[in-house]
Amino acid sequence: MATAPVVQDDLVEYGFRRTIITITAVLCALLEIVDTTIVNVALNNMRGSLGASLNDVAWVITAYAIANVIVIPMTSWLSQQFGRRNYFAASIIIFTIASFMCGNADNIWELVAFRFIQGLGGGALLVTAQTIITESYPIEKRGMAQAIYGMGVIVGPTLGPPLGGYLVDHFSWPYIFYINLPIGIVATLLTLSFVRSPKYGEKLKANQVDWLGIGLLAAFIGSLQYILEHGQQDDWFNDTSICTLAVISFLGLFFFIWRQLTYEYPIVNLKVLKDSNLKVGVILSFIMGFGLYGTTFIVPIYTQSILGWTATDAGLLLVPSSITVAIMMPMIGKLIQRGVPQTYMVALGFLGFFIFTYWMHNVMTPDTGEEHLFWPLIVRGLGLGLLFVPITTLSLSGLKGKSIGEGAAFTGMMRQLGGSFGIAIITTFIARFGQEHRVNLIAHLDSTKVNVQNRIHALQQGFMNKGDSANIALQKAYKVLDLGVTKQSTVLSYMDVFLYLGVLFLICIPFILLIKKAKNKVEVSEAMH
């Protein structure tokens, strides 16, 4: 126990070196996070140039997400095997080369294959960057280090859509991948020049590596991620492939847990979850991911499909929220250093998210203006700022040594899975609630009522004035009315989703009481060693 602080002090950097390491780590975290959302606005262009169907092109997102969540739990173990600096540099190189190959892909399945490889490199960047940046700071400043890292994680998903929209509008879709190349090259050189590795114990031999555990983890996470990405479009458990993958995922999880608890050299240390703070922390990380990625997904969909905004405008709407988070992060880091209880901040963060969702529920209409959405999204930024650093420090506050790196991998994985669950559930609810509201609206649309007759007559007259016959004009009038009903029912479904999200965040607040009082100056990242 006495040697651990010495190892940590050896990794602390000062002045110029620490600044360079901080910039490198944040850049790499941003690279990985931005690439999870930057492709969303380019899918239609990819379909056209590669001759792919909508289902095929969806794999561009799915392959990256599956690779991400498979590799995140193994980052601590992989760092120990190869050395953290080497592993981090190799991950950047893999990510950068795969980005170049994605931009050069000749068909959709080439692109999907290289996106999977890109995801394997990218998944390692998140947790490893978190550990590197935190260990470069002395213990009393590690709350601030978490805040700096958190800016990349929280701001990243928001930067993707406007950046992707700009590159697609002004250049072409391969440039959303080519933009990674100069950043990746610089980050690799800086990592090899400045980042240092902790001293590790003896590495495992090839016959000691838990290959079965790796396979079971891939089966469990990969199948689960596919179900979440494709469940709604494949009608969930009415589809044979979804049912089959659900069984594979369940069995993969069951046997993976058994293997990790019984094998001498596990790739994921599940025993770290005995810590009560970490148990609650992974739940809170999951909910935070649900809110972060879920709302990042639903707001652009609403503004584009209902309000008719461009992809770039829809992405830019979220920028003020991101700026708010960026301003909040250093302030939260300083508050933690001064001893303000993190539990209060987390509770306020979830309350802020509830206010945001309830506000959005109240202002959503088929013609809501940008001015109505600005302040609710600012509140969203305040809520996220109050959640990320306190949840991370609280989750890891009861851990020591290499257990902290292992705990960080769990919180990172649960945040990503929370986003996947959030998007899957939101898309399902929008579809189901939309159908329900449509039925209810049509039931109240009585053609014998004077106001309905007047509306149909006015529409018919408008089309007749443009040269249509009475019958064709009437058909078009009914079609316009039908589209209006569909639009209104979709808006009502969005309102329902925001209301239920708000209730979820409100329910989370009592869970904060389950967390034991934590040290305010947490040794957030002693490890991955």
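Position one of the sequence shown corresponds to residue 138 (the numbering used here), numbered consecutively onward. Every residue gets a Cβ at the ideal spot worked out from N, C-alpha and C, and that includes glycine.
What separation, rounded to the nearest whole angstrom, lies between the Cα atoms of residue i and residue j?
i           : j           : result
residue 657 : residue 422 : Any reading at residue 657 must be qualified, since the residue scores a pLDDT of 42, below 50, and its modelled position is unreliable; the value itself is stated next. Spanning the two alpha carbons is a distance of roughly 19 Å.
residue 153 : residue 165 : 19 Å
residue 492 : residue 510 : 13 Å
residue 638 : residue 384 : 29 Å
residue 409 : residue 209 : 16 Å
residue 648 : residue 532 : 13 Å
residue 552 : residue 211 : 15 Å
residue 415 : residue 425 : 15 Å
residue 543 : residue 367 : 30 Å
residue 558 : residue 246 : 25 Å
residue 160 : residue 499 : 40 Å
residue 519 : residue 267 : 22 Å
residue 625 : residue 554 : 31 Å
residue 566 : residue 453 : 26 Å
residue 349 : residue 527 : 36 Å
residue 481 : residue 473 : 11 Å
residue 646 : residue 391 : 31 Å
residue 678 : residue 568 : Because the chain here runs from 138 to 666, residue 678 falls outside it and cannot be looked at.
residue 217 : residue 355 : 20 Å
residue 505 : residue 623 : 17 Å
residue 242 : residue 248 : 5 Å
residue 307 : residue 370 : 31 Å
residue 293 : residue 591 : 50 Å
residue 507 : residue 185 : 31 Å
residue 608 : residue 296 : 49 Å
residue 580 : residue 445 : 27 Å
residue 494 : residue 483 : 17 Å
residue 412 : residue 550 : 17 Å
Tell me whether the beta-carbon of residue i lies closer than 8 Å to the beta-carbon of residue j.
i           : j           : result
residue 458 : residue 514 : yes
residue 201 : residue 255 : yes
residue 503 : residue 443 : yes
residue 215 : residue 321 : no
residue 388 : residue 363 : no
residue 180 : residue 197 : yes
residue 257 : residue 195 : no
residue 182 : residue 298 : no
residue 501 : residue 601 : no
residue 264 : residue 170 : no
residue 284 : residue 470 : yes
residue 617 : residue 636 : no
residue 262 : residue 229 : yes
residue 522 : residue 462 : yes
residue 275 : residue 347 : no
residue 556 : residue 430 : yes
residue 436 : residue 455 : yes
residue 613 : residue 605 : yes
residue 407 : residue 386 : no
Short of 6 Å in beta carbon distance, which residues of its chain neighbour residue i, apart from the five on each side in sequence? Order them along the chain.
i           : result
residue 629 : 574
residue 434 : 560
residue 128 : This structure cannot settle anything about residue 128, because the visible part of the chain is limited to 138 through 666.
residue 270 : 159, 162, 282 and 286
residue 329 : 226
residue 240 : 311, 314 and 315
residue 496 : 513
residue 571 : 626, 627 and 630
residue 323 : none
residue 540 : 409
Pull up the CB-CB distance for residue i and residue j, whole angstroms please, since I reckon it's below 8 Å.
i           : j           : result
residue 359 : residue 593 : Actually they are not in contact, since the Cβ atoms of residue 359 and residue 593 sit about 52 Å apart, beyond 8 Å.
residue 517 : residue 432 : 6 Å
residue 530 : residue 548 : The Cβ separation is near 11 Å, so there is no contact.
residue 233 : residue 317 : 6 Å
residue 301 : residue 175 : 4 Å
residue 332 : residue 222 : 5 Å
residue 357 : residue 393 : 5 Å
residue 253 : residue 238 : About 11 Å separates the two Cβ atoms, so there is no contact after all.
Keeping to the same chain, check which residues put their C-beta closer than 8 Å to that of residue i; ignore five residues upstream and five downstream.
i           : result
residue 598 : 610
residue 303 : 449
residue 325 : 226, 229, 230 and 233
Residues in its own chain within less than 7 Å of residue i by CB, not counting five upstream and five downstream?
i           : result
residue 193 : 245
residue 157 : 327 and 331
residue 380 : 374
residue 365 : 557, 558 and 561
residue 479 : 473, 527, 530, 531 and 655
At least 3 beta-carbon pairs within less than 8 Å: the region 633 to 643 vs the region 475 to 491: Yes, since at least three Cβ pairs between the region 633 to 643 and the region 475 to 491 fall closer than 8 Å, the two stretches touch.
Three or more C-beta pairs below 8 Å linking the region 452 to 466 and the region 561 to 581: Not touching, per the Cβ criterion.
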